[in-house]
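Here's the structure we're looking at; comments come further down.
Protein chains: 2
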Amino acid sequence: MSSFRFAVNVTPKPGILDPQGRAVEGSLDHLGIEGVRSVRVGRRVELTVDAGDEGAARAVVERLASELLANPLIEAYAIETTEPVA
Amino acid sequence: MSSFRFAVNVTPKPGILDPQGRAVEGSLDHLGIEGVRSVRVGRRVELTVDAGDEGAARAVVERLASELLANPLIEAYAIETTEPVA
Numbered sequence: 000m001s002s003f004r005f006a007v008n009v010t011p012k013p014g015i016l017d018p019q020g021r022a023v024e025g026s027l028d029h030l031g032i033e034g035v036r037s038v039r040v041g042r043r044v045e046l047t048v049d050a051g052d053e054g055a056a057r058a059v060v061e062r063l064a065s066e067l068l069a070n071p072l073i074e075a076y077a078i079e080t081t082e083p084v085a
Numbered sequence: 000m001s002s003f004r005f006a007v008n009v010t011p012k013p014g015i016l017d018p019q020g021r022a023v024e025g026s027l028d029h030l031g032i033e034g035v036r037s038v039r040v041g042r043r044v045e046l047t048v049d050a051g052d053e054g055a056a057r058a059v060v061e062r063l064a065s066e067l068l069a070n071p072l073i074e075a076y077a078i079e080t081t082e083p084v085a
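From first to last, the protein sequence lines are chains A and B. All residue numbers for the first sequence refer to numbering that gives the first Met the number 0, where the first residue is 0 and numbers rise by one. All residue numbers for the second sequence refer to numbering that gives the first Met the number 0, where the first residue is 0 and numbers rise by one.
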């Protein structure tokens, strides 16, 4: 049994309204920041999985991402392996 | 002037309460998922910056992250360069 650390990045699909992204863009003028565009705001979920090997651990994360973390109608997700920090 | 695409990962600092992470952990039994622990839920902000070079673009993102996207008292952030997809 080994421990693997993953991150799941959940982002609004292209074409889906992203009010948080619009809110960030609306604050840029206020801060005097120029040249920033196409802001999309999503979630990042970091987690540790105890499993026999990395393939088994990734399968658990895949299931978790598709069934709980992301709404497949409006969100896309990407799974990445990260440093074991926690 | 070139375009650079970045992602800013904002996560709760170690030791800071993370109710969303606890909520995910509380749903695991329900889904019959075992071996998942240390769940932390943060935000992922993807954005495009138009600037003269990557250093100048990264400086803009650094300012945006520290002044708007993350609350430095309770959140840490990491900036990564991503594929220009939007």
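We treat Cβ as the ideally placed atom computed from N, Cα and C, and that holds for glycine. Computed from a prediction, not measured in an experiment: that's the story for all the values here.
- Annotation for A:Asp28: the continuous alpha helix (DSSP H) segment containing it runs Pro18 to Leu30.
- For A:Asp49, the closest Cβ of chain B is nearer than 8 Å.
- At least one beta carbon of chain B lies nearer than 8 Å to the beta carbon of A:Gly34.
- Assigned with DSSP and collapsed to three states, B:Glu61 falls in helix.
- Secondary structure at B:Ala6: strand, using DSSP grouped into helix, strand and coil.
- The shortest CA-to-CA distance from A:Ala56 to any of B:Pro11, B:Glu33, B:Leu67 and B:Met0 is the one to B:Glu33.
- Residue range Val35 to Ala50 is occupied by the beta strand (DSSP E) that includes A:Asp49.
- Taken through DSSP and simplified to helix, strand or coil, A:Glu82 comes out as coil.
- Around the CB of B:Arg21, fewer than 16 other CB atoms lie within 10 Å, so the residue is classed as exposed.
- Only those residues of the segment 36-47 of chain B whose C-beta falls short of 7 Å from the nearest C-beta of chain A are listed: Arg36, Ser37, Val38, Arg39, Val40, Gly41, Arg42, Arg43, Val44, Glu45, Leu46 and Thr47.
- For B:Thr10, the closest Cβ of chain A is nearer than 8 Å.
- When C-beta atoms of the segment 50-68 of chain B are compared with those of the segment 12-29 of chain B, fewer than three pairs fall below 8 Å, so the two segments do not count as touching.
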